[in-house]
Amino acid sequence: MDYYIDKVFDLNFGKKKTAKINTFGCQMNAHDSEKLCDMLLKMGYKITDDKNNNDVDLVLFNTCCVRENPEDKLFGNLGYFKNKKKLKPDLKIILCGCMMQQKHIIEKIKKSYDFVDVVFGTFNAHKFPELLFNNLVTNSQIIDIWKENKNHEEEIYLTRKYFFKASVNIIYGCNNFCSYCIVPYVRGRERSRNFNEILDEIKKLVDDGVKEIMLLGQNVNSYGLDLKENKINFAELLFKVNNINGLERIRFMTSHPKDLSDDLIFAIRDLNKVCKHLHLPVQSGSNRILKLMNRKYTREKYLDLINKIKMNINDIALSTDIIVGFPSETENDFLETIDLIKKVEFNSAFSFIYSKREGTPAAKMSEQIDSEIVKKRFGYLIKVLNEIIEKKNKIYNGKVEKILVEEFDEENKKLTGRNEKNMLVHFESDKNLVGKIVNVKIIDAKPFYLIGQKIGS
Ligand code: SAH
Ligand code: SF4
Ligand code: F3S
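1159 is the number of the first residue of the sequence shown in the working numbering; add one for each residue after it.
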């Protein structure tokens, strides 16, 4: 890869080129963008987030296709950059990420978007410098999509957004094939990384000043199941990560409820660095819908699991994902979801309107739900969730929380950070606290954030 990085660098030498990265989708994509950003820097580009795109020489879209919205957004953006390119013909437009793994998208680009310069997918991002080089010298559209991973998932190239926290991939892909979800088709089957590689990467990050690590995977609970040698499971991996000196916080996402083991619950309970926060997507509270979704658990099993977690881990914060309007969802099914969220009392939740994804089994299901009905259900769900979340947040009032400070807002001179439970906390204090863990007393609780006062020196 270095060979082509150097070649593009030579082509760009002295030209002060600027690149802009637009990332859609989940943390996997955000993490991939950190790698692409590092490649761009090494190829001689300066990274900008200029909203007007005036000085941009290269624009990269790392795309998502989990729902329809991000797709529409991309094609809207491409129309805008097509016009920009008319005024500036050497502007480079790069597309990559999950959406590019879909055949119909590539056909659409070939047919109607000939002004796009380079296209690659989720399995060959390491080829970006080579593909860009080929485009720069030929000025013709370069499309290279791999159907599967060919052991090219390197983690060495990275530019982190924050110096004090970082994500580390532990498992790629997904084997679950939930009937609504496109991810297994665009990210391939599960591939766990060797644990020594993971630990080495984390140690390097900690030496570099990182305090908080997010272990990433579509389903981290399956970590290790596919390994042939050095086989350990996710709970065992957490023990090893917890032993790394200098590391202060460990987070992970996402856990699938079907295989959250007792060992994992005990690991979260017993390991001092593992944050007491669990993201456990339920998707629906109706057994009929869960079955159609191919989630492989029932509402009773999910609720039992939640009880076990709450019994074992004092004060755990729980978050979830919910889909409204899955094909054939009745009012009764929906009310079962409402009932479940009232029983669990999540601390936060991401709710989504079901989005039909071509190529998934759910797209072929006959009873797609009328959008007006879904909007009404969605509105009600949000109302119920907000009431629960507001009530849960009030618990923090008057408490002293340990906050990892993430950002300083110059305008209102406020710091923003997160407590162990992943709640956002705003407070006034000194700019140089960014990256530090400080004690903050919570004085007010809003639905989506807390307000605090720094205590101690
Ligand atoms: N691997 C994770 C997250 C995958 S995508 C997990 O299994 O939980 C994140 C969320 O997007 C999912 O949890 C689901 O709630 C939502 N999602 C996925 N496909 C969707 C679709 N077709 N329509 C609406 N929401 C969807
Ligand atoms: Fe999609 Fe299900 Fe895999 Fe999550 S577990 S990525 S929802 S198929
Ligand atoms: Fe993530 Fe979207 Fe891909 S949610 S895995 S970026 S389809």
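C-beta: ideal position from N, C-alpha, C; glycine also.
Computed from a predicted structure; not experimentally measured.
- Contact check for Y1330 and R1349: beta-carbon distance about 5 Å, within the 8 Å limit, so the pair qualifies.
- In the structure shown, I1264 adopts helical secondary structure according to DSSP, grouped into three states.
- Here N1445 is not bridged, per DSSP, to any residue.
- Looking at the DSSP output, L1216 bridges to A1177, K1250.
- Burial of P1287 is indicated by the presence of at least 16 other C-beta atoms within 10 angstroms of its C-beta.
- Beta-bridge partners assigned by DSSP to A1425: none are found.
- Excluding its 5 nearest sequence neighbours in each direction, K1454 has C-beta neighbours in its own chain below 6 Å: K1416, listed in chain order.
- Between E1548 and N1577, the C-beta gap is not smaller than 8 Å, which leaves the two residues out of contact.
- When secondary structure is reduced to three states using DSSP, H1435 falls in the strand class.
- Taking 7 Å as the cut-off, one finds at least one heavy atom of the ligand F3S near enough to the beta carbon of R1345.
- Bridge partners of G1610 according to DSSP: F1585, I1600.
- In the three-state DSSP reduction, V1542 falls in the helix class (H, G or I).
- Cα atoms of K1449 and S1524: separation of roughly 16 Å, rounded to the nearest angstrom.
- In this structure, the CA atom of I1546 is about 9 Å from the CA atom of I1499.
- For the region 1338 to 1404, the continuous beta strand (DSSP E) assignments of 3+ residues that do not extend past its boundaries occur at 1370 to 1374, in sequence order.
- Less than 8 Å separates the beta-carbon of V1532 from that of I1511.
- P1247 counts as exposed, since fewer than 16 other C-beta atoms from the protein chains shown sit within 10 angstroms of its C-beta.
- DSSP places R1407 in the strand class (E or B) of the three-state scheme.
- Exclusion of the five residues before and after K1501 leaves L1461 as the residues of its chain whose Cβ lies within less than 7 Å of its Cβ.
- Contact annotation, P1605 with N1555: C-beta distance approximately 14 Å; criterion of less than 8 Å not satisfied.
- Apart from sequence neighbours up to five positions away, the residues of its chain that approach G1575 with a beta-carbon distance below 7 Å are I1561, L1562, V1563, E1564, V1583, ordered along the chain.
- Within 10 angstroms of the beta-carbon of F1392 lie 16 or more other beta-carbons, which makes it buried.
- Look at the region 1517 to 1573 and you find these whole runs of alpha helix (DSSP H), each 4 residues long or longer: 1529 to 1552.
- Taking the CA atoms as reference points, K1231 sits about 44 Å from D1428.
- Minimum Cα-Cα distance from A1507 among the listed residues K1466, N1580, D1213 corresponds to N1580.
- Selection around the ligand SF4 by beta-carbon proximity, strictly under 6 Å to any non-hydrogen atom, yields C1332, N1334, F1335, C1336, C1339, V1341, P1342, Q1376, N1377, H1414 in chain order.
- About 14 Å separates the CB atoms of N1220 and I1263; that is not less than 8 Å, and the two are not in contact.
- Taking a 10 Å sphere around the C-beta of M1201, we find 16 or more other C-beta atoms and assign the residue as buried.
- Closer than 7 Å to some heavy atom of the ligand F3S: that describes the Cβ of M1186.
- Taking 7 Å as the cut-off, one finds at least one heavy atom of the ligand SAH near enough to the beta carbon of F1510.
- Closest in C-alpha terms to K1612, from the list E1586, G1593, A1603, N1590, comes E1586.
- For T1478, the three-state secondary structure derived from DSSP is strand.
- Residue burial annotation: M1411 is buried, with at least 16 other C-beta atoms found within 10 angstroms of its C-beta.
- Residue G1237 holds the alpha-carbon nearest to the alpha-carbon of S1270 among C1256, G1237, Q1259, K1243.
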